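Residue numbers for the sequence shown follow the numbering used here, so the first one is 147 and each next one is one higher.
The structure appears below as structure tokens.
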Amino acid sequence: MKVVNTQPVAGQRPGTSGLRKRVTVFQQPHYLENFVQAIFDAVPALKGGTLVLGGDGRFYNRVAVQIILKMAAANGVAQVIVGRGGILSTPAASSVIRKYAATGGIILSASHNPGGPDGDFGIKYNSDNGGPAAEKITEAIYQHTTRISQYQISDAADLDLDVCGSFSVAGMAVEIIDPVADYAVLMQDLFDFDAIRAWFAAGNRMQFDAMSAVAGPYAVDIIEGLLGAPRGTVVNGVPLEDFGGYHPDPNPAHATELIAAMSAANAPDFGAASDGDADRNMVLGRRFVVTPSDSLAVLAANATLVPGYRKGLAGVARSMPTSAAVDAVAKELGIACYETPTGWKFFGNLLDAGKVTLCGEESYGTGSDHVREKDGVWAVLFWLNLLAATGQSVEEIITAHWARFGRHIYSRHDFENIDSEAAENLMTALRASLPELAGQSLGGQVVQLADDFAYDDPVDGSHSVGQGVRVIFAGGERIIYRLSGTGTAGATLRVYLEKYQPDVAQHGVETQAALADLIVVARELAQIKSFTGRLQPTVVT
Ligand code: G16
Numbered sequence: 147m148k149v150v151n152t153q154p155v156a157g158q159r160p161g162t163s164g165l166r167k168r169v170t171v172f173q174q175p176h177y178l179e180n181f182v183q184a185i186f187d188a189v190p191a192l193k194g195g196t197l198v199l200g201g202d203g204r205f206y207n208r209v210a211v212q213i214i215l216k217m218a219a220a221n222g223v224a225q226v227i228v229g230r231g232g233i234l235s236t237p238a239a240s241s242v243i244r245k246y247a248a249t250g251g252i253i254l255s256a257s258h259n260p261g262g263p264d265g266d267f268g269i270k271y272n273s274d275n276g277g278p279a280a281e282k283i284t285e286a287i288y289q290h291t292t293r294i295s296q297y298q299i300s301d302a303a304d305l306d307l308d309v310c311g312s313f314s315v316a317g318m319a320v321e322i323i324d325p326v327a328d329y330a331v332l333m334q335d336l337f338d339f340d341a342i343r344a345w346f347a348a349g350n351r352m353q354f355d356a357m358s359a360v361a362g363p364y365a366v367d368i369i370e371g372l373l374g375a376p377r378g379t380v381v382n383g384v385p386l387e388d389f390g391g392y393h394p395d396p397n398p399a400h401a402t403e404l405i406a407a408m409s410a411a412n413a414p415d416f417g418a419a420s421d422g423d424a425d426r427n428m429v430l431g432r433r434f435v436v437t438p439s440d441s442l443a444v445l446a447a448n449a450t451l452v453p454g455y456r457k458g459l460a461g462v463a464r465s466m467p468t469s470a471a472v473d474a475v476a477k478e479l480g481i482a483c484y485e486t487p488t489g490w491k492f493f494g495n496l497l498d499a500g501k502v503t504l505c506g507e508e509s510y511g512t513g514s515d516h517v518r519e520k521d522g523v524w525a526v527l528f529w530l531n532l533l534a535a536t537g538q539s540v541e542e543i544i545t546a547h548w549a550r551f552g553r554h555i556y557s558r559h560d561f562e563n564i565d566s567e568a569a570e571n572l573m574t575a576l577r578a579s580l581p582e583l584a585g586q587s588l589g590g591q592v593v594q595l596a597d598d599f600a601y602d603d604p605v606d607g608s609h610s611v612g613q614g615v616r617v618i619f620a621g622g623e624r625i626i627y628r629l630s631g632t633g634t635a636g637a638t639l640r641v642y643l644e645k646y647q648p649d650v651a652q653h654g655v656e657t658q659a660a661l662a663d664l665i666v667v668a669r670e671l672a673q674i675k676s677f678t679g680r681l682q683p684t685v686v687t
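This is the structure:
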């Protein structure tokens, strides 16, 4: 065991989901070690406890796993459970923490951000409930990084990560497990695998694009293996350290190969993709894209068709910028609907307290109380179960849903990599204008409410402020502005746009055309061009 002298490195405050930086930043001397030591210092229960460890397999994953194993041994952790090859998808890590009643877990991922030597890396701590650590813990970790002077590490040899079994690092027990096995058992408990198998056997076809990321082994074992889908159903199924040079973000802007396949004349019946760490998902029908907000609403409305949710839902939750489509379902079902800030960590208390069963976000995240992370493969299996149970197509399910609840027309416009100071100035000016906005008419619509979203957690009473500017109109239209908390270069301004359309005859409209008036208002109100110099967003989803 060695004690290494170090100094604080600025900028280690975790963002929306852990610490995400360029690989080259993590490769700086002591950078990773400082943050990991801060975790051990902020969570004393890890001493003598069990830690789950794994990541999405991106570049630097293996290096980081070896460092963390040696630091865990030196910090008195009793046992580490690590996925073979250092691999665990984020939802699988959550399920393993829960199944083995671990003290917590360290997950290595920069999620949907590109990988490789010039790409991004990330690290976050999850608590014993399997979910991202609450703000008070991430803040404590950050505080430790600001005053760190030493870290502890063993000089044991590297461990061969590619063989399952029981091992030891400097006297600390290490269990290397199959990263898929426990997760696959959980999925079989929740979904009607016989019905889905029959759906494939009847000749229905699917394309699952794992985007050369960590979902590959999970999708291959479960969809092609247990569910009998033909080989080739999963494409880009081998995780690569640089995701094959692609941007592993499952949305229409980045999953272009899947969009093309689903638009072709012989398109499969169902398309799906997931991101770097397999917690996000996108689902598609033939020539039909489903928005994440609609997906959440459809899963909620049809949950009782799925064995794991047959008893119904305790409640649902969505992040504030997510459309109100699920609110309409909750109202009809007579269950509670919670509106939380962006960040999966805010769902944890609601799930733990049994207040909600399903939750989701506009950022291609959907999940339930089976784990404490959003779960891409789970969402895809949920949809497969619905297709099998109803015999309907994706488009039929969505259009029937709109006919019943109305359509919440929705889009997100991202202005990426803008100057950080310009972005802060824009938000400051916007916030300053809020008190004057209510009652004003913008683009012919009257502003009903304009505020900076704050959240009081109904379980632990914690209060979170500054969670995004909301401009809500009397007709229900909404414009939301936030700065992303997951980027690693400059700032990303997200503008979320939503309009409710109850008229079935109007449900087929093209999304951007339907939102055109609101888009103009949104850009003018925030003076996006004058603050950022940008006329158009870089990504529209
Ligand atoms: C993370 C969080 C999500 C959030 C998303 C986008 O997802 O867990 O709750 O919606 O980032 O956040 P932002 O708008 O701040 O960039 P992931 O998949 O990146 O871990």
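Backbone N, C-alpha and C fix where the C-beta goes; we use that ideal spot for every residue, glycine too.
All figures in this text were calculated on a predicted structure; none of them were measured in a lab.
- Task: Confirm the yes/no value for this check: CB of Asp266, any heavy atom of ligand 1, distance under 7 Å.
- Result: Incorrect: Asp266 has no Cβ contact closer than 7 Å to ligand 1.
- Return the chain-ordered list of same chain residues with a C-beta closer than 7 Å to the C-beta of Ala375, the five sequence neighbours on each side being excluded. Within the same chain, Ala375 has close Cβ partners Phe346, Met352, Ile369.
- Grab the span of the alpha helix (DSSP H) containing Arg550 for me, first residue to last. DSSP places Arg550 in the uninterrupted alpha helix (DSSP H) bounded by 540–551.
- Tell whether a beta-carbon distance below 8 Å holds between Phe416 and Leu580. Not closer than 8 Å, so no.
- Along the chain, which unbroken stretches of the beta strand (DSSP E) at least 3 residues long are found entirely within the segment 582–625? The segment 582–625 contains these whole beta strand (DSSP E) runs: 591–598, 615–619.
- How big is the Cα-Cα spacing for His609 and Leu332? Cα to Cα, His609 sits roughly 34 Å from Leu332.
- If Leu595 sits next to Leu671, beta carbons under 8 Å apart, how far is it from one beta carbon to the other, in whole angstroms? The C-beta distance from Leu595 to Leu671 rounds to 14 Å, too long to meet the 8 Å contact threshold.
- Task: State yes or no: is the C-beta of Trp529 within less than 8 Å of the C-beta of His653?
- Result: No Cβ-Cβ contact shorter than 8 Å links Trp529 with His653.
- Query: What are the start and end residues of the alpha helix (DSSP H) that includes Gln298?
  - Reply: Note, Gln298: premise wrong, no alpha helix (DSSP H); beta strand (DSSP E) at 296–299.
- Skipping 5 residues on each side, what residues in its chain have a beta carbon closer than 8 Å to that of Val605? If the five residues before and after Val605 are omitted, its C-beta is found closer than 8 Å to the C-beta atoms of Asn495, Leu496, Asp498, Ala499, Lys501, all from its own chain and listed in chain order.
- Assigned secondary structure, Ser138 (DSSP; H/G/I helix, E/B strand, else coil): Here the chain covers residues 147 to 687 and nothing more, so residue 138 does not appear.
- Item | Residue interval of the beta strand (DSSP E) (run including Arg166) | Taken as a continuous stretch (DSSP letters only), the beta strand (DSSP E) holding Arg166 covers 165–168.
- What is the residue span of the alpha helix (DSSP H) that Gln289 lies within? For Gln289, the enclosing alpha helix (DSSP H) has its first and last residue at 281–293.
- Message: Is Thr162 close to ligand 1? I mean its beta-carbon at under 7 Å from any heavy atom of the ligand.
- Response: Because some heavy atom of ligand 1 lies under 7 Å away, the Cβ of Thr162 counts as near it: yes.
- Message: Could you tell me the alpha carbon to alpha carbon distance between Gln173 and Gly265, rounded to whole angstroms?
- Response: Between Gln173 and Gly265, the C-alpha separation is close to 12 Å.
- Select from Val242, Asn259, Gly383 the residue whose C-alpha is nearest the C-alpha of Gly251. Answer by Cα proximity: Val242.
- Item | Helix, strand or coil at Arg680 according to DSSP, with G and I counted as helix | Reduced to three states, the DSSP call for Arg680 is coil.
- Completely contained beta strand (DSSP E) runs for the segment 156–195, where each covers 3 or more residues: Restricting attention to beta strand (DSSP E) runs no shorter than 3 residues, the segment 156–195 encloses them at 165–168, ordered along the chain.
- How far does the alpha helix (DSSP H) with Ser509 in it reach, from first residue to last? Careful: Ser509 lies outside any alpha helix (DSSP H) and carries neither H nor E.
- Message: Taking the alpha helix (DSSP H) that Arg669 belongs to, which residues open and close that run?
- Response: According to the DSSP assignment, Arg669 belongs to the alpha helix (DSSP H) that extends over 662–671.
- For Ser439, is the beta carbon positioned less than 7 Å from some heavy atom of ligand 1? No, ligand 1 has no heavy atom inside 7 Å of this Cβ.
- Task: Give the straight-line distance between the Cα atoms of Glu508 and Thr437, rounded to the nearest whole angstrom.
- Result: Within the model, the alpha-carbon separation for Glu508 versus Thr437 is close to 8 Å.
- In DSSP terms, what Lys270 is bridged to: Among the bridge pairs identified by DSSP, Lys270 is matched with Ile253.
- Message: For ligand 1, is there any heavy atom lying closer than 7 Å to the beta carbon of Gly200?
- Response: Because no heavy atom of ligand 1 lies under 7 Å away, the Cβ of Gly200 does not count as near it: no.
- Under the rule that 16 or more other beta-carbon atoms within 10 Å means buried, what is Gln613, buried or exposed? That one is buried.
- Item | Helix, strand or coil at Pro628 [DSSP, three-state] | With the sequence shown as reference, residue 628 is identified as Arg, and Pro is not the correct amino acid for it. In the three-state reduction of the DSSP assignment, Arg628 falls in the strand class, which pools E and B.
- Message: With a threshold of 7 Å (Cβ to nearest heavy atom), would Glu507 be considered close to ligand 1?
- Response: Checking the Cβ of Glu507 against ligand 1 gives yes.
- So which of Tyr271, Ala476, Val211, Asn412 has the shortest CA-CA distance to Gly231? Among Tyr271, Ala476, Val211, Asn412, the Cα nearest to that of Gly231 belongs to Val211.
- Message: Bridge partners for Ser420 per DSSP, in chain order?
- Response: Beta-bridge annotation (DSSP): Ser420 is paired with Asn427.
- Note down, in chain order, each residue of its chain lying with its Cβ closer than 7 Å to the Cβ of Arg166, except the 5 sequence neighbours on either side. Within its own chain, the residues whose Cβ lies closer than 7 Å to the Cβ of Arg166, once the five positions on either side in sequence are excluded, are Ala256, Asn259, Asp266, Gly268, Thr632, Thr634, listed in chain order.
- Item | Ala359 (DSSP reduced to helix, strand or coil) | Residue state, collapsed to three classes: coil.
- Could you give the C-beta distance for Ala359 and Asp421, rounded to a whole number, given that I count them as a contact under 8 Å? Contact flag correct, Cβ pair sits at about 6 Å.
- Distance, Cα to Cα, Ala659 vs Ile233? Taking the straight line joining both Cα atoms gives about 43 Å.
- Would you tell me roughly how many angstroms separate the C-alpha atoms of Phe339 and Leu372, rounded to the nearest one? When only Cα atoms are considered, Phe339 and Leu372 end up about 8 Å apart.
- Message: Less than 7 Å separating the Cβ of Gly489 from some heavy atom of ligand 1?
- Response: Correct: Gly489 has its Cβ closer than 7 Å to ligand 1.
- In angstroms with no decimal places, state the Cα-to-Cα distance between Ala575 and Ile405. Between the alpha carbons of Ala575 and Ile405 lies a distance of about 38 Å.
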